[in-house]
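For reference, the structure is listed below as structure tokens.
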Amino acid sequence: MASLRPFLLAAALALLAPGTRALELDPDVPPELSLGGRLLATPSHQATELAGGGSDQDSLIDISDSALLINAAKYLYRDLDYGFATFGLVLPDDDSDFEDGLFVHQLFVGTGGPAGEVLIGRTNLPNTLVQLPTIRDDDLLDYSHVANAHLNAEGEEFQVYGGLLSGTAYFGAGRWSLGAALTARAETDLQNLADPERTSTNAPNGGALALRYELPAAVKFDRGLRFAGLLLDVQRAAAVGAPGEHWIPAAVAGLAYNLSEDPEASWVVHAQGLYVAGEDVGGLASAVERAPASRYALAGALTYAARPFLQTRWQAGVAFAWRDFTDRDEAYGVALVPSFAYRLGSGIDLVGQYRFEHSGDGLAAAIGADTTQEVLIGLTFALSGTFNESVGQRGSILELEHDILNPGPATRAH
Amino acid sequence: MSYREFRLDFVLTEHELLPGVRFPCFAFNGQVPGPMFRVQENDWIKVVARNRTPEMHTIHWHGVDVIYTMDGVPMVTQDPIHPEETFVYRFQARPHGTRLYHCHWGTPLHMMSALHGAFIIDTPDDPVRAMFPYQRDYVLVLEAFDVNFTRRHMEELLGGMKRVNKLMALRRLSPLTHAFFPNYQAFLQAIEAGWRPPYTRGNAEVTDIKPTFFAINGKSYPATVTTEHLYIRRGENIRVRLINGGVFDHHMHLHGHQFWKVAEDGNPLPQPLRLNTVPVTPGKTVDLIVHGNNPGFWDFHDHKELNTRNNGIYPGGMITMLEYEDLENPPYVPSISVNQ
Ligand SMILES: [Cu+2]
Chain L
121 MASLRPFLLA AALALLAPGT RALELDPDVP PELSLGGRLL ATPSHQATEL
171 AGGGSDQDSL IDISDSALLI NAAKYLYRDL DYGFATFGLV LPDDDSDFED
221 GLFVHQLFVG TGGPAGEVLI GRTNLPNTLV QLPTIRDDDL LDYSHVANAH
271 LNAEGEEFQV YGGLLSGTAY FGAGRWSLGA ALTARAETDL QNLADPERTS
321 TNAPNGGALA LRYELPAAVK FDRGLRFAGL LLDVQRAAAV GAPGEHWIPA
371 AVAGLAYNLS EDPEASWVVH AQGLYVAGED VGGLASAVER APASRYALAG
421 ALTYAARPFL QTRWQAGVAF AWRDFTDRDE AYGVALVPSF AYRLGSGIDL
471 VGQYRFEHSG DGLAAAIGAD TTQEVLIGLT FALSGTFNES VGQRGSILEL
521 EHDILNPGPA TRAH
Chain Y
1224 MSYREFRLDF VLTEHELLPG VRFPCFAFNG QVPGPMFRVQ ENDWIKVVAR
1274 NRTPEMHTIH WHGVDVIYTM DGVPMVTQDP IHPEETFVYR FQARPHGTRL
1324 YHCHWGTPLH MMSALHGAFI IDTPDDPVRA MFPYQRDYVL VLEAFDVNFT
1374 RRHMEELLGG MKRVNKLMAL RRLSPLTHAF FPNYQAFLQA IEAGWRPPYT
1424 RGNAEVTDIK PTFFAINGKS YPATVTTEHL YIRRGENIRV RLINGGVFDH
1474 HMHLHGHQFW KVAEDGNPLP QPLRLNTVPV TPGKTVDLIV HGNNPGFWDF
1524 HDHKELNTRN NGIYPGGMIT MLEYEDLENP PYVPSISVNQ
């Protein structure tokens, strides 16, 4: 009898459907739609000094990290409450285990109101706090993000994006937020490292808690603190090459500070410290061994933006990063990334970047590379267009400074 | 010389057009429309205008023959009134008639805001009153709002003005930042030096304004019931002064009556016109005399019916009513509908 129930329910619904449609009075309210994303095409050359001596050269017409996004939002029946959804595709790195495929990196649905927001789906994992001025978001991934301890595969997509069931509360006139999330990171079979097989992409296997203080750049462009955040992340992962599971907690603290009083020339400092309270898993050769290993990481950047006549013309940044695996000798790494973007027109930039990365002997021996240098130069085109504009935005000046509520999704991928 | 003194503050406020619809806008003293002036012809007027918004404004006395430095056209007759600045307008109120005032910082955001109001100049020798004796008159300011546009552009403006005002405080605002030039030659020189004007392709965001709410004195039907109804008694003449404070055309139609159009742009017509529908285009004022000769409840609305909707839903917007106060037992009494 129990097995018939779904069938009977479906039959009943099928019978009801025409009747309910005839009585349907709800108008079809079109959502606000925005098309977003960024296309990057940057020829690059990379030279690596191998740990055992010798060197390796690699050239690429790199189009990875190019992404296309559709955001939708509309208000609910209740005043000031809204729903939102995003779908996005990104092109993985050339050396990823997902090459030649497109990856759905954003797919979420959420709802919110003046006091908070709920989001369910796949989006950026809450595993980092600051955005460094590199051409690609993942250029300093090893230093800036809490790594995925479930994954034995190359694929930055599965480091940056994951499943989320999250709730965020806003308070302090919208300047503060407290978020809690159940996270799902992609998993591979960690008992068989030689032949990894993806076992799950969306099974919950961790959680995160984040407290943030944030003033949007539109509100806070003169000297002072624009952002400060504290993030706690925990993963429940299988032990590498051994039975059993363990907890891997991590803590991240970050800030953004405006140094300049000048709206035509802004100087901003970003800084972030990260600590993984992991354990010694026996080696650092693979990403899945490094992820749960105890480590400190610092990442910082200084960014300058020239906006003569209040029109963005060029931006230069230098990012610095350092990491140290505490259970191993000389297992540190440093990176220095100066980058440059010259604005050719609204949303269209000529970009260039140099990346220097060096590992201490302990880490170099494990990962095979002693020093890596990379140069890239290319073009980026940021897409943005909004249709049927009808939904507000969180953290608006109207709300922050004039007590006029006009809430909208905090999470609009771009 | 003694002045009649008034205060007008430019304020950023949130205005309720009707229950459930609020939007941010600039408004004089926080009122939509701004406070009504009622002065006598040749009165000397002093208006202390204080800018309490982050945007720049002026006040133009539309249809009033002021001296030119009081005309309120930015960069033509005065510098704009900067945030937290005060400007004092002094002028003589003339000629008599239904006139208006509005901010002349004419950006689309201002057009979709509410910086406008009635400026009524009376005279003891009013030819209209002589021809059609009346006791009561009504002033209806006609308005159209694209509230989505206003919300979004208000936000953008507030962000932009933070930077502009900062540069101004640092005394570093250059003509190129704000596209202000001392003369046409300087403008041409800037272009020759490589500066591209903001309206050129690649630089301009093309804005589209589609008004979704229409109002009389700041209220959309059915909220017009509360204050915007016209009351009349049998045998009475009432004067109705229509003012278009917005940028769209309105064609006001009165049911059950042929009214007299007695003045246009505030000036009495040599010969009144007998009409039942009258266009009121942007910046125009039209004065009507209605004679109470057909008791009942009568629709008075924009006959461009697209403007009698709230966010696309009929009925709404620019609808009000002529109501006889001396009806004893009306066979039918109006009710309220907001979705037909
Ligand atoms: Cu103004």
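If you read the sequences in order, they're chains L and Y.
With my numbering, the residue at position 353 of the first sequence is 473, and numbering never jumps.
With my numbering, the residue at position 327 of the second sequence is 1550, and numbering never jumps.
We treat Cβ as the ideally placed atom computed from N, Cα and C, and that holds for glycine.
Contact annotation: the segment 1521-1528 of chain Y does not touch the segment 1392-1411 of chain Y, with fewer than three C-beta pairs closer than 8 Å. Assigned with DSSP and collapsed to three states, L:Gln279 falls in helix. Not a single C-beta of chain Y is nearer than 7 Å to the C-beta of L:Ala193. At a threshold of 6 Å, L:Leu418 does not count as near ligand 1, since its beta carbon sits no closer than that to any of the ligand's heavy atoms. DSSP lists L:Leu160, L:Asp469 as the bridge partner or partners of L:Thr500.
Among the residues of chain L, those whose CB is under 8 Å from the CB of Y:Met1377 are Leu518, following chain order. Beta-bridge annotation (DSSP): L:Asp353 is paired with L:Ala328, L:Ala370. Against L:Leu430, the close residues of chain Y are Gly1383, Arg1386, Val1387, Leu1390, Thr1400, in the order they occur along the chain (beta-carbon pairs closer than 8 Å). When the Cα atoms are used, Y:Ala1438 and Y:Ala1367 turn out to be separated by approximately 6 Å. Between L:His390 and L:Ala421, the CB-CB gap stays under 7 Å.
Separation of L:Glu399 and L:Arg463 (C-alpha to C-alpha, rounded to the nearest whole angstrom) is 45 Å. Around Y:Gly1441, no beta-carbon contact reaches into chain L at under 8 Å, the shortest distance being about 17 Å. Among the residues of chain Y, none has a CB under 7 Å from the CB of L:Asn325; the nearest is roughly 40 Å distant. Fully contained in the segment 357-436 of chain L are the following beta strand (DSSP E) runs of length 3 or more, in chain order: 365-378, 385-396, 415-426. For the segment 375-402 of chain L, the set of residues with a beta-carbon nearer than 8 Å to any beta-carbon of chain Y comprises Glu381, Asp382, Pro383, Glu384, in chain order. Uninterrupted beta strand (DSSP E) stretches at least 3 residues long and entirely within the segment 1352-1397 of chain Y occur at 1359-1368, given in chain order. Proximity annotation: ligand 1 has residues Y:Phe1249, Y:His1280, Y:Cys1326, Y:Trp1328, Y:His1333, Y:Leu1338 in chain order, each selected because its CB is closer than 6 Å to a heavy atom of the ligand. Taking the beta carbon of Y:Glu1237 as reference, the chain L residues within 7 Å of it are Ile524, listed in sequence order. Inside the segment 171-254 of chain L, DSSP marks whole beta strand (DSSP E) runs of 3 or more residues at positions 175-182, 187-195, 202-210, 223-233, 236-244, from first to last along the chain.
In terms of Cα proximity to L:Arg346, the closest of L:Pro316, L:Pro363, L:Leu379, L:Phe460 is L:Leu379. In the DSSP assignment, Y:Met1334 falls within the unbroken alpha helix (DSSP H) covering 1331-1334. For L:Ala421, the closest Cβ of chain Y is not nearer than 7 Å. For L:Leu518, the enclosing alpha helix (DSSP H) has its first and last residue at 517-522.
Proximity of chain Y to L:Asp199 at the Cβ level (cut-off 9 Å) is accounted for by Gly1243, in chain order.
Interface flag for L:Gly465 against chain Y is set, since a Cβ pair is found closer than 7 Å.
For Y:Ile1432, same chain residues with a beta-carbon under 7 Å away, outside a window of 5 residues either side, are Pro1331, Met1335, Asp1369, Phe1372 in chain order.
Scanning Y:Val1501, Y:Arg1462, Y:Leu1529 for the CA closest to the CA of Y:His1514 turns up Y:Arg1462. For Y:Gly1243, DSSP records no beta bridge to any residue. Residue pairing from DSSP places L:Gly299 in a beta bridge opposite L:Thr288, L:Ala330. When only Cα atoms are considered, L:Gln473 and L:Val495 end up about 6 Å apart. In chain order, Glu509, Ser510 make up the part of chain L whose C-beta sits under 8 Å from the C-beta of Y:Asn1371. If you draw a straight line from the Cα of Y:Arg1464 to the Cα of L:Gly233, it is about 43 Å long. Per the DSSP secondary-structure output, Y:Lys1269 pairs in a beta bridge with Y:Glu1228, Y:Arg1313. The C-beta of Y:Arg1374 comes closer than 7 Å to at least one C-beta of chain L. A contact is defined here as three or more CB-CB pairs under 8 Å, and the segment 181-200 of chain L meets this definition with respect to the segment 143-158 of chain L. Three or more Cβ pairs closer than 8 Å define a contact, and the segment 453-463 of chain L meets that threshold against the segment 256-267 of chain L.
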